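For reference, the structure is listed below as structure tokens.
In the working numbering, the protein residues as written are 101 to 678.
In structure tokens, the structure reads:
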């Protein structure tokens with residue numbers, strides 16, 4: 101509908117300064133082609149937004165806005181050529197309202213604007229915005245490292261801290277002489293894995309294993325039911341896969357339970373909180389080891405729980421078993437965590453045990469909780485906040501929610517949805533598949549970063565096959581760059597955690613190896629290289645002394661080695677009550 105003096109008074113409050121006319125005519129001119137706006141937006145019955153050129157944020161450039169009182173002819177002389185060579189004409193006029201008051205209205209034309217997709221200039225503008233939001237400078241990383249180191253130290257001083265720094269009662273490094281057969285059970289984020297590990301000494305071992313898929317229902321089901329399922333799978337593995345009978349005796353078992361637990365001995369662990377999307381009720385605050393022992397007894401499983409460990413602790417021990425230069429272990433997968441060996445004298449909260457000051461004690465950091473609740477140190481964006489507030493643990497695991505594989509795809513999806521809502525992407529297309537939370541898996545980001553074709557054909561496949569939308573080359577280039585930004589931020593934040601432990605332990609000068617595991621580290625393109633580059637940004641050239649490498653199987657082999665170490669320690673009477 102065109103603006104005329106007759107209806108201006110009723111529309112004055114909602115007057116749009118970008119009201120469109122055609123060919124520079126005043127809306128009130130008789131016979132003006134703008135008497136019926138051809139670009140009015142509409143919505144199909146199926147919810148598809150056809151968009152509106154008026155409501156669209158145009159990338160077409162133009163001259164300065166006309167001042168009040170400029171005539172149409174003056175405005176036409178000041179008309180400007182847009183970025184695509186289009187003519188943009190603007191005009192102003194004064195009319196009298198029925199009450200006798202003067203009112204100014206403005207006109208503008210962009211006759212041949214066709215914007216089915218975001219255009220190059222608009223995409224470039226958005227890319228600069230997201231570069232600013234997601235890029236970490238070396239100075240900012242050093243600030244995070246300093247805060248991180250203080251937080252780690254607080255966790256060693258006393259219980260109840262945000263990053264709990266849990267003593268694991270794994271006493272020192274393996275000797276490399278551990279031998280024998282041990283069971284290992286790994287309750288991970290997506291699978292339950294059962295192993296028989298044969299330790300052969302001198303860093304050698306053999307593994308027989310079976311995996312069982314965990315459903316989302318099981319992850320939210322009653323806690324005891326979840327542990328019963330673990331016991332049943334273990335029993336099936338012993339009987340069916342290994343072919344063992346009761347006559348073969350009972351095997352020692354290391355249970356890798358990769359969730360924050362407080363421990364006062366190695367075969368005990370009270371679950372502090374679930375992570376990695378688990379939410380099984382009636383288990384938080386209870387002794388998981390005791391509950392699992394009950395399951396083993398009720399199902400008559402031929403296994404004896406010797407050690408309850410975290411997968412990161414297992415990764416630390418397994419990697420050191422193979423390469424004694426490894427001093428730190430990290431997990432970058434569905435969740436994130438780190439473990440390292442601390443001297444008992446630097447852990448005031450376990451002074452009552454009476455360990456020698458130089459006795460090593462493996463520490464399970466549970467650093468995914470860094471900067472939780474107060475949110476003072478990490479550069480959270482509004483997308484991180486949305487993920488946090490909509491999670492099953494709002495306010496918790498802040499560090500993990502910014503770097504872990506469970507969340508990177510969702511950060512990407514939230515940004516894409518923001519652009520869709522603003523009318524800058526996928527006009528005229530049904531985008532409902534992209535509007536479902538966590539629909540965009542982090543694996544898609546990995547695929548997009550790996551796409552080296554000129555036309556970015558893999559990205560075409562991702563959006564066409566999984567989400568049913570068409571993309572332009574410019575959009576695909578933007579998506580790839582956005583994936584790089586998100587993946588790089590994750591790697592650089594991850595490096596901050598490693599740097600904090602390196603700084604705390606004084607490993608920078610002599611250097612050390614960092615055993616790294618998890619799907620992000622193992623499969624995400626350039627993740628390890630970005631971590632190394634970030635360490636150099638933090639420490640300078642000495643950062644090259646810290647080298648990450650693919651860790652050994654912590655949740656399987658590491659668990660078995662710890663079970664062997666524990667058995668040997670108790671057999672020689674060293675702190676047997678722990």
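Think of the CB as a built atom: it goes at the ideal place given N, C-alpha and C, for glycine as much as any other residue.
Since we're looking at a predicted model, the values are computed, not measured.
TODO: Identify the continuous beta strand (DSSP E) that holds residue 441 and give its terminal residues.
DONE: 436-443
TODO: Express the C-alpha separation of residue 403 and residue 291 in angstroms, rounding to a whole number.
DONE: 20 Å
Task: Exposure label - residue 307; buried when at least 16 CB within 10 Å - done: exposed
- [ ] Note down, one range per segment and in chain order, each alpha helix (DSSP H) of at least 4 residues found wholly within the stretch 251-324.
- [x] 316-320
- [ ] Starting from the C-beta of residue 658, find all residues in its chain whose C-beta is less than 6 Å away, skip the five residues before and the five after it, and write them out in chain order.
- [x] 414, 415, 417 and 418
Open item on the list: Tell me which residues share the same chain as residue 231 and place their Cβ nearer than 8 Å to its Cβ, disregarding the 5 neighbours each side in the sequence.
Closed with: 585
Open item on the list: Is it the case that the stretch 228-248 contacts the stretch 442-450, given that we only count it when at least three CB pairs across the two stretches are under 8 Å?
Closed with: no
- [ ] Could you give the DSSP three-state label for residue 641: helix, strand or coil?
- [x] helix
Open item on the list: In the DSSP assignment, the beta strand (DSSP E) including residue 612 goes from what residue to what residue?
Closed with: 612-617
TODO: Return the residue from the list 464, 508, 544 and 610 that minimises the CA-CA distance to residue 645.
DONE: 610
TODO: Taking all protein chains shown into account, decide if residue 425 is buried (16 or more other Cβ within 10 angstroms of its Cβ) or exposed.
DONE: exposed
- [ ] Indicate the three-state DSSP secondary structure (helix, strand or coil) for residue 460 in the structure shown.
- [x] strand
- [ ] Please check the pair residue 252 and residue 604, which I expect to be a contact at CB under 8 Å, by giving their CB distance rounded to whole angstroms.
- [x] 6 Å
Task: Under the three-state DSSP convention, the category residue 121 falls into - done: Summary for residue 121: the model assigns pLDDT 34, below 50, so the residue's position carries little reliability; its value from the coordinates is reported in the next sentence. Residue state, collapsed to three classes: coil.
Task: Burial state of residue 473 (16 or more Cβ within 10 Å) - done: exposed
Open item on the list: Rounded to whole angstroms, what is the Cα-Cα separation between residue 672 and residue 430?
Closed with: 31 Å
Task: Residues near residue 469 by beta carbon distance below 8 Å, same chain, minus five either side - done: 262, 263, 264, 360, 496, 497, 498, 499 and 500
- [ ] Using three-state DSSP, classify residue 238 as helix, strand or coil.
- [x] helix
Task: Distance, residue 583 Cα to residue 434 Cα - done: 17 Å
- [ ] Measure the C-alpha to C-alpha separation of residue 369 and residue 509 and round it to an integer number of angstroms.
- [x] 32 Å
Open item on the list: Please state the DSSP three-state secondary structure of residue 362.
Closed with: strand
Open item on the list: Does residue 427 come out as helix, strand or coil in the three-state DSSP assignment?
Closed with: strand
Open item on the list: I need the straight-line Cα distance from residue 391 to residue 327, nearest angstrom please.
Closed with: 7 Å
TODO: Verify whether the separation of the beta carbon atoms of residue 438 and residue 412 is less than 8 Å.
DONE: yes
- [ ] Drop a sphere of 10 angstroms on the beta-carbon of residue 286, count the other beta-carbons inside from all chains shown, and report buried for 16 or more, exposed for fewer.
- [x] buried
Task: Terminal residues of the alpha helix (DSSP H) in which residue 574 lies - done: 573-605
Task: Cross-strand partners of residue 404 (DSSP beta bridge) - done: 352
Open item on the list: Between 319, 318 and 340, which has its C-alpha nearest residue 310's C-alpha?
Closed with: 340
Task: Span of the beta strand (DSSP E) around residue 646 - done: 646-650
Task: Anticipated Cβ contact below 8 Å, residue 580 with residue 556, distance rounded - done: 6 Å
- [ ] Might you give, ordered along the chain, the residues of its own chain that have their beta carbon closer than 7 Å to the beta carbon of residue 280, omitting 5 neighbours on each side?
- [x] 299 and 664
TODO: Starting from residue 509, trace the alpha helix (DSSP H) both ways and give me its first and last residue.
DONE: 505-521
- [ ] Starting from residue 549, trace the alpha helix (DSSP H) both ways and give me its first and last residue.
- [x] 542-550
Task: Proximity to residue 667 [Cα-Cα], best of 271, 656, 222 and 256 - done: 271
Task: Cα-Cα separation between residue 372 and residue 489, rounded to whole angstroms - done: 20 Å
Task: Euclidean distance between Cα positions of residue 678 and residue 513 - done: 47 Å
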